[in-house]
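First up is the structure itself, then whatever we jot down about it.
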Amino acid sequence: DGDRAVVLSNAEERGVPEPGNNDSQPVSRGTTADRIGMQVRNWTVKNPGAVPTPTCDDYTLWTVAQLRKECSERKLRVPRKFGKLALFEHLKRHNATRRAVQATVDDENLLDPSLRKKKKHCCIRLLNVLFSDRFATRLASSDDAATRDQIDTGEVNQNTSFWKEVAKEFQTNTTDYNGLFTFNDPRYIGIDPSVIVQDDAPRLNNMWKEVNTKYIKAFSKFDVSSQNSNDFYEFCNGSLVAAYVKVCIKQKPALESYVKGGAALSNLK
Numbered sequence: 001d002g003d004r005a006v007v008l009s010n011a012e013e014r015g016v017p018e019p020g021n022n023d024s025q026p027v028s029r030g031t032t033a034d035r036i037g038m039q040v041r042n043w044t045v046k047n048p049g050a051v052p053t054p055t056c057d058d059y060t061l062w063t064v065a066q067l068r069k070e071c072s073e074r075k076l077r078v079p080r081k082f083g084k085l086a087l088f089e090h091l092k093r094h095n096a097t098r099r100a101v102q103a104t105v106d107d108e109n110l111l112d113p114s115l116r117k118k119k120k121h122c123c124i125r126l127l128n129v130l131f132s133d134r135f136a137t138r139l140a141s142s143d144d145a146a147t148r149d150q151i152d153t154g155e156v157n158q159n160t161s162f163w164k165e166v167a168k169e170f171q172t173n174t175t176d177y178n179g180l181f182t183f184n185d186p187r188y189i190g191i192d193p194s195v196i197v198q199d200d201a202p203r204l205n206n207m208w209k210e211v212n213t214k215y216i217k218a219f220s221k222f223d224v225s226s227q228n229s230n231d232f233y234e235f236c237n238g239s240l241v242a243a244y245v246k247v248c249i250k251q252k253p254a255l256e257s258y259v260k261g262g263a264a265l266s267n268l269k
């Protein structure tokens with residue numbers, strides 16, 4: 001039951017099976033473990049060490065050690081005080097967000113080539129809208145209207161009034177978002193934010209989450225790098241839109257902590 005406290009033995013906390021507890025029994029090493037590991041899609045750990053490979057995708061049947069190992073593999077920061085239920089919910093919400101982003105990528109791959117060519121302008125245009133004076137102050141609180149069901153199913157914000165307004169402005173305003181916040185940068189030659197594709201609110205919301213995820217990954221590399229480079233683009237894996245988020249933050253520095261925390265990942269709260 002969702003409200004029932006889960007009491008874990010010291011053995012289970014360490015990922016060690018107790019006698020008679022089939023849920024935490026480790027699989028045998030070697031071929032059997034590899035075979036089961038291939039079938040468990042939620043288990044992405046490459047070097048589990050002493051932690052046994054789960055035998056199913058059901059997080060509720062995983063040990064705390066397995067859940068923590070998976071969070072660590074995905075670079076998810078979780079407090080040490082998190083118990084089994086909290087870790088389970090954390091991974092579940094992360095999966096929902098990842099599915100939403102992947103759905104956006106899949107949709108892009110199905111686009112007609114002529115339309116896909118236009119899409120390279122859309123992310124820049126969307127960032128112009130989101131970081132405009134009209135929407136910037138509301139962006140950081142745009143998740144507040146999301147329901148628990150929306151978060152769990154990856155539909156966060158798709159139908160909120162904020163994203164409906166963003167979509168309307170994105171589709172119809174032909175004058176205010178046609179420029180760039182950056183000047184004299186040859187990398188943006190050929191990017192034209194005045195090109196409008198009729199994307200709806202769900203698609204724009206997913207587009208923002210995907211862009212924000214790319215920015216977070218780039219910033220984490222930039223932040224820990226021992227290199228002396230101040231060119232953020234070098235850490236963006238070739239993504240102009242991730243680099244453009246940094247440009248937009250310079251225009252609206254009050255949004256820096258929100259964007260670093262991850263709009264894409266703030267849906268995990």
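Be aware that the sequence shown starts at 1, since it is given in the UniProt record's numbering, and climbs by one per residue.
Every residue gets a Cβ at the ideal spot worked out from N, C-alpha and C, and that includes glycine.
### Task
Please look up how many angstroms separate the CB atoms of Leu85 and Arg68, rounded, as I've assumed it's under 8 Å.
So it is not a contact: roughly 13 Å between Cβ atoms.
### Message
Which same chain residues end up closer than 6 Å to Asp192 when comparing Cβ atoms and leaving out the 5 residues on each side of it in sequence?
### Response
Non-local beta-carbon contacts of Asp192 in its own chain, meaning distances under 6 Å to residues more than five positions away in sequence, involve His121 in chain order.
#### Entry: Option nearest Val51 by Cα separation, candidates Asn230, Ile196, Ala65
Of Asn230, Ile196, Ala65, the residue nearest in Cα terms is Ala65.
### Message
Does Ala136 come out as helix, strand or coil in the three-state DSSP assignment?
### Response
Looking at Ala136 - three-state DSSP - the assignment turns out to be helix.
### Task
Can you grab the Cα-Cα spacing for the pair Arg134 / Asp176, in whole Å?
Distance from the CA atom of Arg134 to the CA atom of Asp176, rounded to whole angstroms, is 11 Å.
### Query
Among the residues of its own chain, which have a CB less than 7 Å from the CB of Phe219, if the five just before and after it don't count?
In its chain, beyond the 5 residues on either side, Lys260 have a beta carbon closer than 7 Å to the beta carbon of Phe219.
### Task
Flag this pair as yes or no: are the beta carbons of Val247 and Thr182 separated by less than 7 Å?
The Cβ-Cβ distance between Val247 and Thr182 falls below 7 Å.
### Task
Tell me whether Lys214 is buried or exposed, calling it buried when 16 or more other Cβ atoms sit within 10 Å of its Cβ.
Lys214 is buried by the Cβ-count criterion.
### Other residues of its chain near Gln171: CB distance less than 6 Å, five sequence neighbours each side excluded
Excluding sequence neighbours, Gln171 sits near Gln198.
### Query
Near Tyr59, what residues of its chain come up, given a Cβ to Cβ distance below 6 Å and the 5 sequence neighbours on each side ignored?
So the list reads Phe88, Leu91, once near-sequence residues are dropped.
### Query
Just the Cα atoms here: how many angstroms apart are Thr32 and Arg74?
Since pLDDT at Thr32 reaches only 38, below the 50 mark, its modelled position is unreliable, and the value read off the structure follows with that caveat. Going from the Cα of Thr32 to the Cα of Arg74 covers about 24 Å.
### For Cys71 and Pro48, the rounded distance between their alpha carbons
Linking Pro48 to Cys71 through their CA atoms gives a straight-line distance of about 12 Å.
### Query
Hey, quick one: how far does the alpha helix (DSSP H) through Arg68 stretch, first residue to last?
From DSSP, the alpha helix (DSSP H) with Arg68 extends over 64-73.
### Task
Can you tell me which of the three DSSP states Leu180 falls into?
Leu180 falls in the coil class under three-state DSSP.
### Query
Looking at Cys56 and Val241, is the spacing between their C-beta atoms short of 7 Å?
The Cβ-Cβ distance between Val241 and Cys56 does not fall below 7 Å.
### Query
Sorted by chain position, which residues of the same chain lie with C-beta nearer than 7 Å to Ile249's C-beta, five sequence neighbours on each side aside?
Cβ within range, chain order: Leu255, Glu256, Val259.
### Task
Would you kindly check if the distance between the Cβ of Ala167 and the Cβ of Leu204 is under 7 Å?
Taking a C-beta distance under 7 Å as the contact criterion, Leu204 and Ala167 qualify as a contact pair.
### Task
With distances taken Cα to Cα, identify the nearest neighbour of Leu126 among Thr53, Ser141, Lys209.
Looking at the Cα atoms, Lys209 is the closest of the given residues.
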